[in-house]
Structure formats: structure tokens, C-alpha cells
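Report on one structure; see the data block that follows.
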Amino acid sequence: MKKPVADKQFELGVCYYPEHWPEDMWDDDYRRMVETGFTIVRMGEFAWSIFEPEEGRFQFGLFDRAIDLAHSHGLKVVLGTPTATPPAWLTEKYPEVLNVTYEGVTLQHGMRRHYNYSSPKYRELCAEIVSQMASHYGSHPGVAGWQIDNELNCEINEFYSESDHTAFREWLQRKYVTLEKLNEAWGAVFWNQSYTSWSQVYLPRPTPVPKQPNPHQALDEKRFISDNTISFAKLQADILRAKAPDQWVTTNGLFGHLDSHELQDELLDFFSYDSYPQFSSISHDPGEKNPLGDRSWSLSLSVVRSISSNYCIMEQQSGPGGWVNRMDMPSPKPGQMRLWTYQSIAHGADMVLYFRWRTATMGNEIYWHGLNDYHNLPNRRVREAADIGRELAAAGKAITGTRAEASVAILRDYDNEWDGEYDIWHGPFMWTSNKEWFKALQRQHIPTDIVYMRRKTTAKELARYQVLVYPHPAIMTDDTAAVLDEYVQQGGTLIFGCRTGYKDSRGQCYMRAFPGAAKELCGITVEEFTMVKGNRAPTTIKWAQGSEALTGADSFNDILQVEQDSVEVMGHYATDYYAGKPAVTRNKRGKGEVWYYGAVFNEEAALRIIGSLNINSPAAEWLELPAEVELQIRRSDTTSLTFLLNYSEASAEIVLKEPRTDLLTGKEWHGKCTMEGFGVLVLQ
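Heads up: the sequence shown begins at 1252 in the numbering used here, then just goes up one per residue.
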């Protein structure tokens, strides 16, 4: 039975590093945390050498005092296992634990995440430190739960030590059993790559063309890294379950080459995430049209919600951020920290911890500012956190127990994400189309889930959604197509984009007419296709109904051919040698329908399809909102909460056709009203 994120109250807290500060500061820090409205603190995830200053000698005095004092103030503690930063004595004595780059360079001690998951010695030493900590704190009344490691696969998510090559070989032997099956899966006959002994098999290694491995080998590499990472986390989770059965277990993540859904299912009580909305503002594509800015972080939060319907934000941005040499984010403006906090809550967070209580004065993160500045004097960020603390102390109980609700979902899967890292003929398209669909749905105030298609996914699970958008699933098995067909036949609407269905689970192309496994679903074949690049000028789509305005047919064009009488052509290409050919089709199938869009989606095309399907905001009957305000709904059997988030610094005019009460202030809203810049409403 999985333990909840929070059951009696909303948990608001902060990350704290007692080892960074003089002990005579702790009591005042904890006192002010409680005054700010905090109930929980995280600590310990980078303190291995404090717990174990030399191999086999363990000491707990510093953290005993820190945890006991926090508990005396009524603060709960999240304790991190310190395996993200193996100490210098360990890496010096056992250099085989260090990670190695693709080029064969050993990564040395001096930062963090410099280890590999495969080293038997590292696993042994990790098991020992976790066992010692769990034995010592597993029944401590102040410790609420555990964070495994810190940000698995962050910084680096490829591993090429000798231990990794060995572990990969063993993983392949379990998966394929024989070399014949491995050679077949990897298409090793191409370019004479066939293996005649398991000793010849490695993770990808440097080749005459840099970073140019066999694509099927590269896909299996990502699957192996994910399984190996989960195995490493399981080593710790099993110890914690045995020695600390009354405390919950989580980890903070959402990084590459890791099936976080499997990690959650197998090991965790709930998932945790580190939320820094300004990442999406400082690193967006300057050529992107009509970007969402920090609001686009809601897409990442929707992914987290797909892993764990209610989750913890282990690090919530509270100040300007950055290491000494990168990630130089500006300071949040007044109200933005509150806005981002409720952004996390609106999408499913029942626990939020700010990063961090006080800005570090040393190390790589001296510019990753927390609530308190170096000087420790009162400031705006602390006051804003205290305002949030007061709101959630009063309103948090009404929020916990509710879950985010949506009738539209964007589908993803790990195989296509991992294959698409290497395959430029579909991978970049998926990320673009995800973003463009999310923008269109956001600005229409239509809450959206992200759903990962997995082997265990059923049509019954998908049936909760009116519409599913699966932009470019190049890899699609017949089993997946059958599940999607069952969903459609029962009344669902499914939308595909170009490059759908033409690869099997090995990443090899079917010897079938495109869209391969999805052909019968769509009722069309792809007559011809082209990348839109170089001297191939972009074309446009003329839609069959509505405005005469054209929309761009971006990046790739599938020229479609109707194969079934049930298919209706919804749009034609307007120019180039395929002018007049079908570009968008809709196939009536059972009680539902399947759309095929022959290009990479843009916001205008998504809006056109949304209009054709008559998808409306769930609050359309009683609420009018401008585009800059996000709408998100959390609901339980007894409660419905409508979150409104204004991402603009300017005020926003909204219209409520029925009276509603703001949970956070108790104020009634009705008629034409003004939301302040960066304002938040939680309407009951």
C-alpha cells in the first residue's frame, strides 16, 4: 500500500543544509521556518562524508542534533540518501566506481554524479551507507520519509565504464538469450556488424563518424540505462522498506534515459520533482512563435502528474538561479514565486519545498539563491513565502485529496523518445508537436494530461479522455495499435501526425505501407513523403471547412491517399508538386474517429482541429478568460477547485457568470473582475 504525499494537511517546506551553517544558527533558522508556515524540511542528500568520514566508520552526531532540533520545533524531516556524491576517500580507493565518457575519459571527483550505477563495489558501499542511516533514523519520530539519491540521471545520463559494458552485455543476454536474436534485433548484417561472441558486444563506442552507433543498439542502450538506474534505486528502496517501514520513500527526478513510470510503480510511494519555471524562459528557441514562457512549465508538471497523480515538489524555485558559470536566471518579480507555487499545486502537488532556506556562500551554487540572502536579513522573498504559508495553512486541507482533471491527453512513450534522440526523422517533431498542441489547449483553457503508452496501458484507462493526441509515434507495435483501436471503436477521438507507425519495437522499419501498424486505424496510406528543408520551400494546407486562411504544413509532409470509404479529407496541400493532394484526413471508425495530419503540428493547425471537434473549456458555461490566464481543475468526490493563474505582469479581465468564492482569501467573485498581475485564484 503506497503512502500518500499528504493526508491531513498540505505540506509546505524548504531545503536546508545544516552542515553548511554554524550550529548556533540552526535554532533561529527553524524558528523562522515555522513562523513562515513551513511544516517540513529536506536535508542530508550530499553529506556522505559526514555520515561516513572513512570507510566503515559511521557517525551521526551532526544530523542527530539537526533532526532532533527540527523535530522539537514541530518540523518533519525528509532525509536524502547521500549517494549522488561519493566522497573523496571512496573514489580514490575504488576508482572503478567512477563514470566514463563515450570517448573513454574517466570523470573524476570534484562535482557530483561522478559515479556509475553498475560498479559492484559502489553498490556494496551504497547499500552499507543506506543501511546504516535507515537503521539509525528508521524509527525517528521526526523523519517523515526518504529521498533516494538526488536527481537520478541529472547532469549525465550515459555510462561507459567497464562495469557498464559488462552489465549491458548481461542485460542483453537476459533479453535476447542468443547472439542470433541479438544480431537480428540490431540488424547487425548491415555493414557487417554481426557478432559471433558475447565478448564482442559493448555499449556504443567511438566510430569513424563521431556519435554514430547502430540505431537499434542505441535504442537498447537507453532501455538498459533505464533498467540499470531503477535497479540501483531498488537496492536502496528495499533497504528503506525493510528498516524504515513507517516512513515514505520518494526520489526527485524527470531526467533522460529513465522510465520514471516504472520507477514509481516498482519502488516509490509517490514521485517528486524539482520545479524551476524560468528554465523554460531562458532556454527557449528564439525562433519559436508565440511561446508560453514560464507557463510552459505546466507541460512538465503534467508529465510528473502522469507518473504520480499527486506528487511532491522537492525543489520549488524561490529566487534567481544559477551555478557560477551557467543557468543564470533572473530574480522572480513580486508575485511570481507565489504564482509558480500555485502552478505546481494546480497540477497535482500536495507538498512543496522551496530551494533553499538560505543561499549557499560557497561552491558551484553560490548564485542559486534561496529564500534568505547571504546576509540573513528580512527580504521580499521570505515575506512572500510567509504569505503563501498563511494561505496554505488555512486552505491546504481543501486541496489535499483532490486530483487534477482533464478530458484531453497528449500521448507519449519512452521508446519513441529514446529512439528520437538519435533519429532526426521523427524525434525533433515529437517535442515540437507536443509543445504546439499544449500551447493551443492552454490558450483555449482546456486542461490537458500527458499519458505514457506502456505495455500495460488498456483502452479502459484511455476511455476517460474525449480526445488523445499522439503526434509522431514512429515506433508502434500491432498490440499498441489494437489498444488504440479499441479506444476509438468505443467512441474516442485519436489524432496522429506524420511519421506514424512505420517502425517496430526494435526500431526497424516495417515492410508495410505507411503508416504501418496504424494503417487500418487511419484508413489511409502515405503515397509519398518529404522532409521540408534546404531548397524545399514550406507549403501550406487549405482546410475543407471554415476560414479561407491557410496554415503552415511544417517540417515534413506526408502526401496521403485515401483507402477506405469512411475517410473524409479535411485539408489539402496548397502548393508544390503535391498541391491538391490530401494533407489531413478523418476516419470514422466504430463510434469514434481517427485524424491523420501529414505534417508537424503548429498551434494554428491544432486550433483548427480543436474547433472542428468542438472541444471547449470545462468552465466555458460560467467563466470567460483571456488567453494569458491558465485554467486548471482539481476535483474529488466532494470538492471542485478551479485554479486561475495569470502569467502576465499586467492585470487580466475575467468574467464570472456565476458567483464563486476564492479559497485563498474568502472573497466572492462575480461578474466582470480584475485579476492582478501574476495573480492566483482558487475558486470553489
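The beta-carbon is built from N, C-alpha and C at its ideal position, and this holds for glycine as well. Since the model is a prediction, treat every value here as computed from it, not as a measurement.
Quick one: is residue i buried, meaning 16 or more other Cβ sit within 10 Å of its Cβ, or exposed?
i	result
G1922	exposed
N1367	buried
P1629	exposed
Y1828	exposed
D1520	buried
R1293	buried
I1318	buried
G1331	buried
K1686	buried
P1273	exposed
Q1451	exposed
Q1587	buried
L1767	A quick correction: the sequence has Gly, not Leu, at residue 1767. G1767 is buried by the Cβ-count criterion.
S1448	exposed
D1278	exposed
T1502	buried
W1437	buried
G1613	Before going further, note that residue 1613 is Met rather than Gly in the sequence given. That one is exposed.
P1338	buried
R1706	exposed
N1853	buried
S1390	exposed
G1917	exposed
P1910	exposed
H1626	exposed
F1680	buried
N1623	buried
D1666	buried
C1760	exposed
DSSP puts residue i in a beta bridge; with which residues?
i	result
E1881	L1896
F1522	DSSP lists no partner for F1522.
D1913	L1934
E1779	I1810
I1905	C1924
F1606	Q1568
K1327	I1291
K1793	H1823
I1661	I1701, V1720
W1676	Note: W1676 sits in no beta bridge, so no partner.
E1668	Bridge partners of E1668: none, in fact.
E1305	R1308
R1886	R1654, S1891
Under 8 Å by Cβ, that's how I've got residue i and residue j pegged, so tell me the actual separation to the nearest angstrom.
i	j	result
S1961	T1925	As shown, the chain starts at 1252 and ends at 1935. That puts residue 1961 outside it, with no answer to give.
T1458	P1464	7 Å
S1557	D1700	7 Å
A1335	D1415	The pair is not a contact, with the Cβ atoms about 18 Å apart (cut-off 8 Å).
V1328	S1412	That belief does not hold up - the Cβ atoms of V1328 and S1412 are roughly 34 Å apart, past 8 Å.
K1473	E1517	No, K1473 and E1517 are not in contact; Cβ-Cβ is about 18 Å, not under 8 Å.
Y1524	I1564	6 Å
R1282	H1324	7 Å
G1573	G1621	Going by Cβ atoms, the distance from G1573 to G1621 rounds to 13 Å, so no, they are not a contact pair.
R1363	E1406	7 Å
Given the structure, does residue i come close to the ligand MG, in the sense that its CB is under 6 Å from one of the ligand's heavy atoms?
i	result
Q1310	Of ligands this structure carries none, so the ligand MG is not represented either.
Between residue i and chain C, is there a C-beta pair that is closer than 7 Å?
i	result
T1776	Of the chains in the structure shown, none is chain C; there is only one protein chain.
Write down every uninterrupted run of the alpha helix (DSSP H) in the region 1416-1493 whose length is 4 residues or greater and which is fully enclosed by it, in chain order. 1430-1436
Jot down the residue ranges of each uninterrupted alpha helix (DSSP H) in the region 1795-1876, minimum 4 residues, whole runs only, in chain order. 1854-1864
Where are the beta strand (DSSP E) runs, 3 residues long or more, that stay fully inside the region 1530-1581, in chain order? 1562-1568
Please give me, in chain order, every unbroken run of the beta strand (DSSP E) with length at least 3 that falls completely inside the region 1679-1761. 1699-1703, 1718-1721, 1744-1747
Contact between the region 1640-1660 and the region 1259-1271: three or more CB pairs below 8 Å? yes
Quick check: the region 1705-1718 against the region 1735-1746, are at least 3 beta-carbon pairs closer than 8 Å? yes
The region 1490-1500 in contact with the region 1533-1553 per 3-pair CB rule at 8 Å: no
Can we say the region 1720-1731 touches the region 1421-1433, given the rule of at least three CB pairs closer than 8 Å? no
Is the number of C-beta pairs between the region 1660-1676 and the region 1637-1644 that are closer than 8 Å three or more? no
Is the region 1653-1660 touching the region 1883-1891, taking contact as three or more C-beta pairs under 8 Å? yes
State whether the region 1789-1797 contacts the region 1768-1775, with contact taken as three or more CB pairs (one from each stretch) at a distance under 8 Å. no
Check whether the region 1303-1318 touches the region 1350-1365, taking contact to mean three or more Cβ pairs, one atom from each stretch, closer than 8 Å. no
As an exercise, report each continuous beta strand (DSSP E) stretch of at least 3 residues that is fully enclosed by the region 1591-1657, in chain order. 1600-1606, 1654-1656
Kindly confirm or deny that the region 1704-1712 and the region 1725-1742 touch, where touching means at least three C-beta pairs closer than 8 Å. yes
Report yes or no: do the region 1529-1540 and the region 1592-1599 share at least 3 C-beta pairs separated by less than 8 Å? no
Within 8 Å, do at least three Cβ pairs link the region 1561-1577 to the region 1602-1618? yes
Do the region 1812-1821 and the region 1780-1787 make contact, defined as three or more Cβ pairs closer than 8 Å? no
Quick one: which unbroken beta strand (DSSP E) runs of 3-plus residues sit fully inside the region 1370-1404? Chain order, please. 1394-1398
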